[in-house]
Amino acid sequence: MPDALTTRFNMVDSQVRTADVTDLRLIEAMRATPREAFLPASQKALAYLDRDIALDGEDNVYLIKPVVLARLLQAAEIGLTDRVLVTGGAAGYAAAIAGHLAAEVVAVCATDKIAAASRTALSSACGLSNVTVTAGEARKGNAAAGPYDVIVLDGATEVIPQTLYEQLKPGGRLVGVFAHSVPPRATIVTRSAADFGARTLFDATAPILPGLKRLPAFTF
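Mapping to UniProt numbering: the sequence shown position 5 is 5, numbers consecutive.
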């Protein structure tokens with residue numbers, strides 16, 4: 001049976017690089033980041049499957065597909081001096097990859113338990129010291145630590161995440177899966193001095209993050 005390192009490299013080569021992910025810094029960051037470290041013991045064997053993984057014992061908390069995350073991070077064009085916010089249910093894994101690319105990363109996870117497990121993984125398995133993990137709602141982000149050059153929505157939204165938009169610096173960009181229509185689409189939002197502009201990147205699916213679901217419309 002292949003070991004975790006071999007399986008990780010196989011995931012990058014067979015799932016990520018074949019999906020037009022060509023950024024060499026990002027490829028090396030994914031090779032260096034053990035996805036299994038961000039899963040409970042009962043699920044570590046699932047770490048490198050091409051699927052969203054619902055965390056055992058958690059309500060609607062997922063690690064999103066590696067290929068979707070990789071393509072979002074590539075589109076964000078994270079630079080060496082950038083400050084990045086990663087917000088989502090289990091944001092630690094995405095934050096770890098971003099930590100290899102950026103100067104500083106702030107991660108918002110769904111619960112204190114997930115945040116604590118992510119801190120342990122970031123320190124012991126990833127050796128990263130430039131990632132700060134907090135617990136909170138994905139839709140709220142972390143305005144106190146902002147503004148940010150890049151915001152990564154580690155999942156999908158059915159509504160415009162205006163609160164997150166406001167945490168971008170001018171010239172900053174937000175990436176995530178926007179499920180406003182069928183099919184859902186990965187989207188990049190860029191902030192200018194006066195406005196926000198959005199551009200579709202590719203069709204994609206990801207679990208809708210709590211707090212970012214569309215409220216049911218009232219009908220007569």
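Glycine included, every Cβ here is placed at the ideal spot set by N, Cα and C.
The beta carbons of residue 84 and residue 108 sit about 12 Å from each other, so the pair does not count as a contact at 8 Å. The three-state reading of DSSP puts residue 48 in coil, since its state is none of H, G, I, E or B. DSSP lists 168 as the bridge partner or partners of residue 148.
Between the C-alpha atoms of residue 212 and residue 161 there is a straight-line separation of about 7 Å. The C-beta distance from residue 67 to residue 150 rounds to 19 Å, too long to fall under 8 Å, and the pair is not in contact. With respect to residue 64, residue 45 sits apart: the two C-beta atoms are not nearer than 9 Å. Apart from the 5 residues on each side of it in sequence, residue 163 sits with its Cβ closer than 8 Å to the Cβ of 139, 140, 141, 143 in its chain, given in chain order.
The DSSP-derived three-state label of residue 35 is helix.
In the assembly as shown, residue 88 is a buried residue. Its beta-carbon has 16 or more other beta-carbons within 10 Å.
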